[in-house]
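Using the numbering used here, the letters of the sequence shown map in sequence onto residues 246 to 654.
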Amino acid sequence: MSSNNSFLDRYANTGTGLSDTDIRTLRAMTRRFNLHTKEFHYYWDETKEMLQRVFQTGNRVVGVTGSIRVAFDVIISNAIEPGDKVLTLTNGYWGDYFPRVVKSYLGEPIVYSEDPRLPIDPEKVRDVLSKNSDVKAVTVMHVETDTGIVNRISRISEIVRRYSNALYIVDCATSLGGMEVKVDELGIDFCFSGSHKCLGAPAGLAFITVSERGWDAIRNRRTPIFGMYGNLASWNEPLPLECEPPMPAQVVHAVRSTLEWILSRGLKEVCRMHEVAAEALRCGLIEMGLELYPDCSRCEGCASPDKFCSDVVTTLPYPQGVKPESLERIMGERFNLSVLASPYRPGCFQLGTINELQTSPDYILKLITTLGLAFSELGVKIKLDKGIRTAHDILVSKAQYHHWKKLAK
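Quick look at the structure:
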């Protein structure tokens, strides 16, 4: 597609966000819209209905202006009261962020920390919950963006329901639109994401789904909710159009464009596209001689449904002797690709496979090739041909998508 070709010709972000915005989405953002009209509100309501289909829920979707971080505050400030216990499950930076937010609203976090190179062990969660069945909520990351690990939110959901009456809060910041998130099937009470990951738009909107149990928790509070804008109880009241919190119209257009693309091709197919792209990238890098950050010795393999790595982000440690700034310089100056050191995981960098741009076969093969050339220049022993061939073979064998078929010819 032309959008992919232009993407490859400019200085592109290889990480997980802010995601690069394709030409189709940029064009959508040029549309003008008066926010204070019925037409825009119908348009916004339709967009939220599309989001429900991607979240796979009948629950109401609330859009809040701000980055994904605002969703942490909105959910915790609404669902948690002073003194409430919250079990926070963490295996990385963003999992660690939850107890900080809980404390800021005077809740009492009970932190279960897993080795960041491993997914959270559901059986250990069961052990913790059996001793703390009075927790008000359980929080978990679907994908820990910091490490690239995917957590088994389905199994954790079963344990939460069996051993407690806790609200189930899931961060799907990086995964929504690239991996299936079955909110209703898993009984997720608060699920959230945002515009600038797999939805391929600029930052500016956070999306929160709230179950009926979630609304009950808000309605039945003993204490008032701090603040006004983030008070979901007030959002549940009908307001005249001129009093609705204004949405960033251009971001709404951008998200709408990506949602239309996802739904026109089918959510399962788009998620499968991310899965295959991530598998090709990981296997190519491993065969080239690089190591992944997750503990691969304990994983069933990159193609396993129980693999440790997510389909949207892969984290790697820098090879011994390689300085982050050296890799950044070569990738930027020679190949127009931005590869930056992780701000949250010292000694590592992340590679994203999010949205249509980063999942195209041209991009995957270019990324493996350029990384191999850069590391070779920096003195790392690299089997470049083997890495490229491995990735190519995976892409060809699974080239069932409209913009992949040329590989099989």
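We put the CB at the ideal spot given by N, CA and C, even for glycine. Note that the coordinates shown come from a computational prediction; the quantities given were computed from them, not determined experimentally.
Item: Euclidean distance between Cα positions of residue 295 and residue 432; Value: 20 Å
Item: Every unbroken beta strand (DSSP E) inside the stretch 591-645 [3 residues or more]; Value: 593-597
Item: Contact belief for residue 492 with residue 280 at Cβ below 8 Å, rounded distance in angstroms; Value: 6 Å
Item: Backbone secondary structure at residue 569 - three-state DSSP; Value: helix
Item: Closest Cα partner of residue 551 within the set 520, 565, 569 and 578; Value: 520
Item: CB-CB length for residue 537 against residue 632, believed under 8 Å; Value: Going by Cβ atoms, the distance from residue 537 to residue 632 rounds to 13 Å, so no, they are not a contact pair.
Item: Given residue 511 as reference, the closest of 266, 301 and 273 once Cα atoms are compared; Value: 301
Item: Residue 375 to residue 554 span [Cα, whole Å]; Value: 28 Å
Item: Own chain partners of residue 377 with C-beta closer than 7 Å, once the 5 adjacent residues on each side are dropped; Value: 330, 332 and 355
Item: CB of residue 387 within 8 Å of CB of residue 409, strictly; Value: no
Item: Backbone secondary structure at residue 382 - three-state DSSP; Value: strand
Item: Own chain, CB closer than 6 Å to residue 341, minus 5 neighbours either side, in chain order; Value: 335
Item: For residue 461, the three-state DSSP class (helix, strand or coil); Value: helix
Item: Burial state of residue 287, where buried means 16 or more other Cβ atoms lie within 10 Å; Value: exposed
Item: Run of the alpha helix (DSSP H) containing residue 466, from where it starts to where it stops; Value: Taken as a continuous stretch (DSSP letters only), residue 466 belongs to no alpha helix (DSSP H), as it is neither H nor E.
Item: Residue 516 versus residue 422: straight-line alpha-carbon distance, rounded; Value: 7 Å
Item: Limits of the unbroken beta strand (DSSP E) element including residue 437; Value: 435-439
Item: Per-residue DSSP class, three states only, for residue 491; Value: coil
Item: Minimum length 4: unbroken alpha helix (DSSP H) runs contained in the stretch 392-445; Value: 398-408 and 428-431
Item: Continuous beta strand (DSSP E) assignments of at least 3 residues falling wholly in the stretch 318-352; Value: 330-335
Item: Distance cut-off 7 Å: residue 504 Cβ against heavy atoms of the ligand NAP; Value: Ligands in the displayed structure: none, and consequently the ligand NAP is not present.
Item: Simplified DSSP assignment, three categories, for residue 278; Value: coil
Item: Cβ-Cβ separation, residue 612 to residue 596 (assumed contact under 8 Å), whole Å; Value: 7 Å
Item: Alpha-carbon to alpha-carbon, residue 436 and residue 395; Value: 16 Å
Item: Residue 548 burial status per 10 Å Cβ neighbour count (16 or more: buried); Value: exposed
Item: Residue span of the alpha helix (DSSP H) that contains residue 522, given as start and end; Value: 512-533
Item: Own chain residues within Cβ distance below 6 Å of residue 566, not counting five before or after; Value: none
Item: Backbone secondary structure at residue 486 - three-state DSSP; Value: With a pLDDT of only 48 at residue 486, under 50, the local geometry of the prediction cannot be trusted, and the value read off the model is given with reservation. Helix, per DSSP.
Item: Assumed close pair residue 382, residue 453 - CB separation to whole angstroms, cut-off 8 Å; Value: Rounded, the Cβ-Cβ distance is 14 Å, inconsistent with contact.
Item: Limits of the alpha helix (DSSP H) - the one that residue 455 falls within; Value: That residue, residue 455, is in no alpha helix (DSSP H); its beta strand (DSSP E) goes 449-455.
Item: Residue 594 and residue 585 closer than 8 Å at C-beta; Value: yes
Item: Coarse secondary structure for residue 260, derived from DSSP in three states; Value: coil
Item: Sequence-distant residues of the same chain with beta carbon closer than 6 Å to residue 350, five excluded per side; Value: 321, 322 and 325
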